[in-house]
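A.B. asks: In my numbering, the protein residues as written are 127 to 516.
The C-beta atom is built at its ideal place from N, Cα and C for all residues, glycine as well.
1. The beta strand (DSSP E) with residue 162 in it runs from where to where?
2. Quick one, are the C-beta atoms of residue 306 and residue 184 less than 7 angstroms apart?
3. Following the continuous beta strand (DSSP E) through residue 320, name the residue where it begins and the one where it ends.
4. Is residue 201 near the ligand GDP, with its Cβ less than 6 angstroms from a heavy atom?
5. Could you give the DSSP three-state label for residue 178: helix, strand or coil?
6. Classify residue 178: buried if its beta carbon has 16 or more other beta carbons within 10 angstroms, exposed otherwise.
7. Along the chain, where does the beta strand (DSSP E) that runs through residue 338 open and close?
8. Let me confirm a value: residue 478 is counted as buried when at least 16 other C-beta atoms fall within 10 Å, else exposed. Which label applies?
9. Between 304, 500 and 285, which has its C-alpha nearest residue 211's C-alpha?
10. Cβ atoms of residue 423 and residue 492: under 7 angstroms apart, would you say?
11. Ignore the nearest five residues each way along the sequence and tell me which others in residue 405's own chain have a CB closer than 7 angstroms to its CB.
12. Whose CA, out of 209, 229 and 236, lies closest to the CA of residue 217?
13. Among 485, 171, 468 and 425, whose alpha-carbon lies nearest the alpha-carbon of residue 282?
14. Going by beta carbon distance, what residues of the same chain come within less than 6 angstroms of residue 292, once the five residues before and after it are set aside?
15. What are the uninterrupted segments assigned as beta strand (DSSP E) that are 3 or more residues long and contained completely in the stretch 388-443, given in chain order?
16. Can you find the residues in the same chain that come closer than 6 angstroms, C-beta to C-beta, to residue 227, ignoring five residues on each side of it along the sequence?
17. Would you check if there are 3 or more beta carbon pairs closer than 8 angstroms linking the stretch 394-411 to the stretch 340-349?
18. Suppose you measure from the CA of residue 299 to the CA of residue 453; what does that come to, to the nearest Å?
19. Among 370, 368, 349 and 449, which has the Cα closest to the Cα of residue 387?
20. From the DSSP output, read off the bridge partner residues of residue 268.
21. Under a Cβ-count criterion, where at least 16 other Cβ atoms within 10 Å of its own Cβ denotes burial, should residue 470 be classed as buried or exposed?
22. Where does residue 332 land, buried or exposed, given buried means 16+ other C-beta within 10 angstroms?
23. Is it the case that the stretch 316-324 contacts the stretch 348-357, given that we only count it when at least three CB pairs across the two stretches are under 8 angstroms?
24. Cα separation between residue 149 and residue 156?
25. By the 10 Å Cβ neighbour count, where 16 or more other Cβ atoms means buried, how is residue 418 classified, buried or exposed?
26. How about residue 206 and residue 240: are their beta carbons less than 7 angstroms apart?
27. Less than 6 angstroms between C-beta atoms, sequence neighbours within five positions excluded: which residues of the same chain meet that for residue 255?
28. Which partner residues does residue 186 have in the DSSP bridge list?
29. Do you know offhand how far residue 483's Cα is from residue 315's?
30. Could you have a look at residue 381 and say whether DSSP puts it in helix, strand or coil?
31. Kindly indicate which three-state DSSP category residue 362 falls into: helix, strand or coil?
32. Grab me the residues of residue 457's own chain with a C-beta within less than 6 angstroms of its C-beta, minus the 5 sequence neighbours each way, in chain order.
Have a look at this one:
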């Protein structure tokens, strides 16, 4: 069949998409979990931009009221804004509002869009929330493209169907955890830690993508980034942190995982970490799964301006020794038998397994990449969007 599509002058990549069967999956980039909260504020309007990664006619929003076992209960309304100033109301069982319990994902009715949103177009999702416990919002913003958050301790007007928002301190919008529709393209669930979500270490830009994974794939594919700061392979594999995040896998074709660095920080060994990672992979038996190698952690006396002024820290020795080296070799040798890995560590360290950050200025704390570091990973090509097929 691909030969037929190639005969029509389509690229091999587009031909592969057209020969794949359609499924209900993510169709927009920048889906993310809302992990931040302001408990003193009880009402909020937000507006966040997203990009269509397939043509969008009929879609559903997936909203989240926080992490499973946590989060806030409350009332939600929402709309999809496209073109700018035209609003498509979102409903749940025909109602324009939804009473959400704390820590759940809740999926809207199918929305028939007034105007088709073509692949590559920017659109906006507006969300109004009311909760006696506080408001939730994301940790990624780029206000020049319309990201906004306004909030109050007392009732304010719901602006999901129109109205200008007064952007308050921060301006980080509440976002849908995903937008789903029928698609033939690969789509992605990004699971990981703070280096996956990267809200505080990666400055938002016009792409809307942040972190080790989303920056490399977001220009081509739809995704939900549910990275969680401090997360570990232990916590995810045992259900402590996975909860409603893992449930989202039903709407993707690929799982990208960067977990492991916090387990190494905790002093765990390859045998333990490898077991946890295998348990995670086993949670998604019908998905294509990719793992990143684990990046370094060092101390520095000159803010990581030079190699020679970096020093090793506990559980992260330099060179081909220690748990980081052993876990990375386990990943590279594909002991778990998954679909592949990304050499993220090699993109940011001075040489493979050196354990020393490239310089200057690819990290601000010795553990997390900064924006330059995340862009270094993207521009290195170690995560190649052209490599993904269904």
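C.D. replies: Checking against the coordinates, here is how it stands:
1. The sequence position of residue 162 within the chain shown is 36, counting from 1. Where residue 162 is concerned, the enclosing beta strand (DSSP E) stretches over 162-164.
2. Here residue 306 refers to the residue found at position 180 of the chain shown. Here residue 184 refers to the residue found at position 58 of the chain shown. No, these two residues do not count as a Cβ contact at 7 angstroms.
3. Taking the first residue of the chain shown as 1, we reach residue 320 at position 194. Run containing residue 320: none in the beta strand (DSSP E); it sits in the alpha helix (DSSP H), 320-323.
4. This structure simply doesn't include the ligand GDP, nor any ligand for that matter.
5. As a first step, residue 178 is located in the chain shown; it is residue number 52 there, counting from the start. Per DSSP, reduced to three states, the secondary structure at residue 178 is strand.
6. Within the chain shown, residue 178 is the residue found at index 52, counting from 1. Buried, since its Cβ has 16 or more Cβ neighbours within 10 Å.
7. On the chain shown, position 212 is the one that residue 338 refers to. Element bounds for residue 338: not the beta strand (DSSP E) but the alpha helix (DSSP H), 337-343.
8. Residue numbering aside, residue 478 sits at position 352 when the chain shown is read from its first letter. With fewer than 16 other Cβ atoms within 10 Å, it is exposed.
9. As a first step, residue 211 must be located in the chain shown, where it is residue number 85. For the residues 304, 500 and 285, the minimum Cα distance to residue 211 belongs to 285.
10. The residue given as residue 492 occupies position 366 in the chain shown. The residue given as residue 423 occupies position 297 in the chain shown. Cβ distance < 7 angstroms, so residue 492 and residue 423 count as in contact.
11. One-based indexing of the chain shown puts residue 405 at position 279. Closer than 7 angstroms at Cβ, skipping near neighbours: 363.
12. Numbered from its first residue, the chain shown carries residue 217 at position 91. It is 236 whose Cα lies nearest to the Cα of residue 217.
13. As a first step, residue 282 must be located in the chain shown, where it is residue number 156. The candidate whose alpha carbon is nearest that of residue 282 is 171.
14. In the chain shown, residue 292 corresponds to position 166, counting from 1. Once the five neighbours on either side are set aside, the close Cβ partners of residue 292 are 276.
15. Counting only unbroken stretches of 3 or more residues, the beta strand (DSSP E) elements lying wholly within the stretch 388-443 are 414-418, 424-426 and 436-438, in sequence order.
16. The residue labelled residue 227 in the question sits at position 101 within the chain shown. Excluding sequence positions up to five before and after residue 227, its CB lies within less than 6 angstroms of the CB of 199, all in the same chain and listed in chain order.
17. no
18. Within the chain shown, the letter at position 173 stands for residue 299. Within the chain shown, the letter at position 327 stands for residue 453. Each residue's alpha carbon lies about 36 angstroms from the other.
19. Position 261 of the chain shown, counting from 1, holds the residue named residue 387. Looking only at 370, 368, 349 and 449, the smallest Cα-Cα distance to residue 387 is reached by 449.
20. By 1-based counting over the chain shown, the position of residue 268 is 142. Partner(s): none; residue 268 has no beta bridge.
21. If you number the chain shown from 1, residue 470 lands on position 344. With 16 or more other Cβ atoms within 10 Å, it is buried.
22. Along the chain shown, read from residue 1 onward, the residue named residue 332 stands at position 206. Label assigned to residue 332: exposed.
23. Counting Cβ pairs under 8 angstroms, three or more are found: they touch.
24. Looking up residue 149 in the chain shown gives position 23. Looking up residue 156 in the chain shown gives position 30. Cα to Cα, the separation comes out at about 20 angstroms.
25. Start at 1 with the first residue of the chain shown, and residue 418 comes out as number 292. Per the 10 Å Cβ criterion, buried.
26. Sequence index remark: in the chain shown, residue 206 carries index 80 (1-based). Sequence index remark: in the chain shown, residue 240 carries index 114 (1-based). No, Cβ-Cβ distance for residue 206 and residue 240 is not below 7 angstroms.
27. In the chain shown, residue 255 corresponds to position 129, counting from 1. Result list for residue 255: 170, 200, 202 and 261, in chain order.
28. In the chain shown, residue 186 corresponds to position 60, counting from 1. Paired residue(s): 306.
29. Here residue 483 is taken as the residue at index 357 of the chain shown, counted from 1. Here residue 315 is taken as the residue at index 189 of the chain shown, counted from 1. Distance between the alpha carbons of residue 483 and residue 315: 28 angstroms.
30. The sequence position of residue 381 within the chain shown is 255, counting from 1. DSSP places residue 381 in strand when its eight states are reduced to three.
31. Position 236 of the chain shown, counting from 1, holds the residue named residue 362. In the structure shown, residue 362 sits in a helix (DSSP, three-state: H, G or I).
32. By one-based count along the chain shown, residue 457 stands at place 331. Counting only Cβ-Cβ distances below 6 angstroms, and skipping sequence neighbours, we find 417, 419 and 467.
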